[in-house]
Amino acid sequence: GYQLGLTFNYANKALALRQADGTEIAAPLEHVIGADLQFGVGLTDWFDLYLAVPLTLYQMGEFPNDPFNFPTMTTQSMNGFFLGDLRLGLKFRILDERRQGISLGVKAFVSAPTAQLGGRFKKFNGVSSVTAGGMVTLSREVSIVNIVFNVGYRFNPRTEPHKTLTRACCGDKQLDALPLSQSPLAA
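In our numbering, the protein residues as written are 127 to 313.
Set out below in structure tokens:
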């Protein structure tokens, strides 16, 4: 068989920049409303192949143009609709709700850096390399609604947040030479 699914999510202050003492400097991603569109094909009764298309339906926030000059900070809008990194995965069913009263499964996936296809500055809706992960899913159907609980892990290649934020907001400006300890982004 086949499956089509749509899940919605919301995050408040998905990204907040703070000084070392915890004082919030800015909330570049203040509100994020997202959705995940999933297409699946059952290869057997217990084994599915799926494609997930993460979408940021709307996000709101302002990102500093120069994160090292907070007192006179100018910003650029983070608002809009964005495509995230596509995920291709496998799902193995361990328990079936029709037989055991609850569904339990394990998922493994890889993602491709497709969010960056819309431009160099992708506004924090993806990463610049292939990632991989897995999760355990627990679900139960109640009337026409499927209630799902997921717990998982996603491996991302090592990044240096200071340099990532610098490049994301300031382009090719060479700020990498500034020691992280002198940065207002240091945690």
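Here a beta-carbon is modelled for each residue, glycine too, at the ideal position from N, C-alpha and C. Just so you know, these numbers come straight off a predicted model, no measurement behind them.
Query                                                                                                  : Result
Of the residues 139, 156, 132 and 218, the one placed nearest residue 164, counting alpha carbons only : 132
Beta carbon of residue 223 nearer than 8 Å to that of residue 204                                      : no
Bridge partners - residue 224, DSSP secondary structure assignment                                     : Beta-bridge pairing links residue 224 to no other residue.
Best match in 213, 141 and 137 for proximity to residue 255 [C-alpha to C-alpha]                       : 213
Residue 204, enclosing beta strand (DSSP E) - first and last residue                                   : Premise fails: residue 204 is in no beta strand (DSSP E) and is neither H nor E.
Residue 237 burial status per 10 Å Cβ neighbour count (16 or more: buried)                             : buried
Check whether residue 221 and residue 230 have beta carbons under 8 Å apart                            : yes
Beta-carbon proximity check, residue 150 vs residue 142, cutoff 8 Å                                    : yes
Burial state of residue 153 (16 or more Cβ within 10 Å)                                                : buried
Residue 305 (DSSP reduced to helix, strand or coil)                                                    : Low local confidence applies: a pLDDT of 36 at residue 305 is under 50, so the model's placement there is unreliable, and no value is given.
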